[in-house]
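See below for the structure under consideration.
Protein chains: 2
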Amino acid sequence: MSGPARVTHASTRAAVLDLVRAAGMISRVGLVNATGLTGGTISTVVRGLIDEGLVAETGHAESTGGKRRVMLQLNHFARYAVGVHLDDARITYVLTNLGGAVVARISRAGAGADEQAAVVARVAREVDALIDSVGVERDRILGLGLVAARPSEHHEFGRALERATALPVVLDHDATAAAIGEHWSGGVGATSTFAALFMGTGIGAGIVLGGTTYRGPSGHTGEIGHTCLDLDGPRCWCGARGCLEMLAGPAAVVEQARADRSLSRAAGLVGGRTRAATPVAADFAAISRAARQGNTRAVALLERSARYVAAAARTLANVLDLEVLVLTGPSFAIAGSVYLPVLRAELDSAFIARDAHPISVRLSPSAASAPAIGAAAIVLQSELVPRRQGLRLPEDLAAEEPPVFQQLVR
Amino acid sequence: MSGPARVTHASTRAAVLDLVRAAGMISRVGLVNATGLTGGTISTVVRGLIDEGLVAETGHAESTGGKRRVMLQLNHFARYAVGVHLDDARITYVLTNLGGAVVARISRAGAGADEQAAVVARVAREVDALIDSVGVERDRILGLGLVAARPSEHHEFGRALERATALPVVLDHDATAAAIGEHWSGGVGATSTFAALFMGTGIGAGIVLGGTTYRGPSGHTGEIGHTCLDLDGPRCWCGARGCLEMLAGPAAVVEQARADRSLSRAAGLVGGRTRAATPVAADFAAISRAARQGNTRAVALLERSARYVAAAARTLANVLDLEVLVLTGPSFAIAGSVYLPVLRAELDSAFIARDAHPISVRLSPSAASAPAIGAAAIVLQSELVPRRQGLRLPEDLAAEEPPVFQQLVR
DNA sequence: CTTTCTTTGTTTAGTAACTGAAGAATCCTC
DNA sequence: GAGGATTCTTCAGTTACTAAACAAAGAAAG
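If you read the protein sequences in the order shown, they are chains A and B.
So in the working numbering, spot 327 of the first sequence is number 327, and the numbers just go up one at a time.
Start counting at 1 in the second sequence, then tack on 410, and there's your number in the working numbering.
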């Protein structure tokens, strides 16, 4: 009743492993301090991890007056995971090792309106190619993470891909995946509260609260694209008015640019002239390029968008008491340098909790492939991190179907 | 590794107790289904609770084809808790029983600029009067919950009050308390995701995610009063422009009403003429009264405010995937009937996840004393619900001396 | 009324995951 | 090289569970 805090049974191994991963290098005593477990427990848990080949002893630390600590490190190449990001425009594949580092990466054109069976076969083939390119044995691959903007629409696809690749498939939201990817690749602290602002064609946010990803009761979290920023703004497909996405999302920026003759010409916008799968993505890239080259109209357009995004980001930060905000996704990969200073300025001057703790705003070092990396990270997490803490919920009991295909969103 | 999910050791007793409370009446089999624990475990846990006098057997259910279930109920009068809400305008005290039901309630004028020692003595005296009014033995009172808009400013006050009353004191945010109060008083499901929109002088939100209250790394959560609704709106004290609080909070509504001669006269606004502690609260009440009596200008003013609040609420719901939204706090107690339909309409037409699950918007049945009730509920919770699950957090380690080679992530 | 079946609740033996304490190993200092 | 400091391991004991057998209470059928 009054003893020290404990760890949920099944999660201890995973928690220790996660600490080793997050710390990069740590001793058993370090784990004792970090977990609150006793030395004896850590000793046996670590032995198990070493036996499985997941962790290795790598040298000693300086003495602190007695026996030197034996340092432990993750055996990064003990296991691998595949991440697949289905975007309208492109499909991105990554193979990561246990540390979340990208070992191989390929990117192919999006599937468009192709037959699902054909897409499944193609993706399976490309996953095979990815794995073969670095010659990793199949049984060292923990699974495949599949992420998309609307995961609920890819249910059947995931199931089929599971059969085609013979890998366990987990399905999730791309923005959530991007957040987990940032968290996993170590840029963000293990127990921190942060959001990954994800800008692709739309705008969303993946949310991690105190180290735990937040998915909400139906997986529709972080929809900041529908933050209201103008009560009488233009009507959005969601039913409301003045949504961020309508006012300042990539599609809106492109539309505004197309309406500007001079800018259209200067940036060489694709416009409606081609039948490219995603003229929006292409044109947004063109506008960003023009901005980088000093086109003042392009700069003004992006900065206007950034002001809106910044207001939404501040709202989000104020609601969740965020510690870190990471900009990620294809559009921030291209135009992040314009948005970053605007968001920083907004949060430095108007974040409510700024006296209590700083909020760090940064650009993801791998914004373009963040969702795919995150997809792989979800696999790593689902294998290595606690499946669940606390009570089994009534909803779980309702759906007692065979766990063929693990899905993270409903 | 593969078995059913388990319960954190220390929390089982509390989880079962909480289920009994939430269900009102439940059998052991019901607890088995709700928790996922086995009958044997439930049997022993329930015996313990009965031995402690917290739970009692109360009759039988109809037979479902075999032995009838023995129904269990919380022994509501086994323990009590005191809740104190420090508002600028008023101090509200409640004594609740174990079920969160209010047994006694008093409300006194706010402390204003009085000396702290005097206020502590006065509050302690009034708490004594509250307890004596129903003749509850002191040792049955679990503790005192103290809530305020800016709890960090009442640290020393809480400590002093602890000495003066000889009761354990817990300190928290008033909006968070209101949310816990709603959760505890059973209007909201045990594992639901919801927010309590709290409108006093300012606007905030208490957040409960999947049955767990979310406080954030520094306790500054749910600051939806600083949701941006107009990029070029009036400047707010927080440093930003177009904050909800500036555009549509009670203070803004009052200011707009005062600028309207006809309405000022009709509603009999206090304005700046008196030296009352909180003219805003009094005038907001007067405007609401005028609206109820059919004054179209007052109605228009409040409905305008409601449209802004609704937009902020929608933003919040979209970010957190809310299932329930409760309107609470003094201002909603007065004007909730104007705000409720506007919020309902907004969320029915534009909540992103509305196809996945409904969002229920309702008015708190005890909006005026919700924070105080919540304060008491926090005490009940801190006594009866798991102290902590999972890992020890880095903040706990901060006090300890750092080993030379500590490489934990910050 | 008796038998059989269903459902509820209890008891008991066994197990996983820890703790606590003792001891072994390693290093530093004098 | 003796003694203390620190790290790590071992092992018996505790806790909180599960699984399975059992007992008790009612319903349904004969």
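Backbone N, C-alpha and C define an ideal beta-carbon position, used for all residues, glycine too.
Quick caveat: nothing in here was measured; it's all calculated off a predicted structure.
Neighbour flag for residue i against chain B, beta carbons, 8 Å
i: A:Val319; result: yes
i: A:Gly200; result: no
i: A:Leu142; result: no
i: A:Ala311; result: yes
i: A:Thr193; result: yes
i: A:Arg307; result: yes
i: A:Glu323; result: yes
i: A:Arg275; result: Because A:Arg275 sits at a pLDDT of 48, beneath the cut-off of 50, its placement in the model cannot be relied upon, and the following sentence gives the value as read from the coordinates. Judged by the 8 Å Cβ criterion, A:Arg275 is not in contact with chain B.
Bridge partner(s) assigned by DSSP for residue i
i: A:Ser27; result: A:Met71
i: B:Tyr718; result: Looking at the DSSP assignment, B:Tyr718 forms no beta bridge with any residue, so it has no partner.
i: B:Asn507; result: B:Tyr490
i: B:Ile551; result: B:Tyr490
i: A:Val433; result: In the structure as shown, chain A begins at 1 and stops at 410. Residue 433 of chain A is therefore absent and cannot be evaluated.
i: B:Cys653; result: B:Cys638
i: B:Leu711; result: According to DSSP, B:Leu711 bridges with nothing at all.
i: A:Leu86; result: A:Ile91 and A:Ala148
i: A:Arg235; result: A:Arg241
Where residue i falls: helix, strand or coil (DSSP)
i: B:Ser741; result: helix
i: A:Ser364; result: coil
i: B:Ser517; result: strand
i: B:Ile822; result: Outside the displayed range of chain B (411 to 820) lies residue 822 of chain B, so it cannot be described from this structure.
i: B:Ala491; result: strand
i: A:Leu263; result: helix
i: B:Gly469; result: strand
i: A:Ile42; result: helix
i: A:Ile91; result: strand
i: A:Ala113; result: coil
i: A:Val326; result: strand
i: A:Val270; result: coil
i: A:Ala148; result: strand
i: A:Leu424; result: As displayed, chain A neither begins before 1 nor continues past 410, which places residue 424 of chain A out of reach and without an answer.
i: A:Leu49; result: helix
i: B:Leu464; result: coil
i: B:Asn728; result: helix
i: B:Arg535; result: helix
i: B:Thr474; result: coil
i: A:Gly336; result: helix
i: A:Ala15; result: helix
i: A:Val20; result: helix
i: B:Val546; result: coil
i: B:Ala766; result: coil
i: B:Gln703; result: coil
i: B:Phe694; result: helix
8 Å Cβ cutoff, residue i in contact with chain A
i: B:Thr454; result: no
i: B:Leu726; result: yes
i: B:Leu619; result: yes
**OP:** Check each residue of the stretch 747 to 778 of chain B: if its Cβ is closer than 7 Å to any Cβ of chain A, include it; give the result in chain order.
**Re:** Along the stretch 747 to 778 of chain B, the positions whose C-beta sits under 7 Å from a C-beta of chain A are Ser759, Ala760, Ile762, Ala763, Ala766 and His767, read in chain order.
**OP:** List in chain order: all unbroken beta strand (DSSP E) runs of 3+ residues lying wholly within the stretch 150 to 230 of chain A.
**Re:** Listed in chain order, the complete beta strand (DSSP E) runs (minimum 3 residues) inside the stretch 150 to 230 of chain A are 169 to 173, 194 to 199, 203 to 209 and 212 to 214.
Original post:
Closer than 9 Å, Cβ to any Cβ of chain A: which residues of the stretch 624 to 652 of chain B, in chain order?
Top reply: Only Tyr624, Arg625, Gly626, Pro627, Ser628, Gly629, His630, Thr631, Gly632, Glu633, Ile634, Gly635, His636, Thr637, Cys638, Leu639, Asp640, Leu641, Cys646, Cys648, Gly649, Ala650, Arg651 and Gly652 from the stretch 624 to 652 of chain B bring a Cβ to less than 9 Å from some Cβ of chain A.
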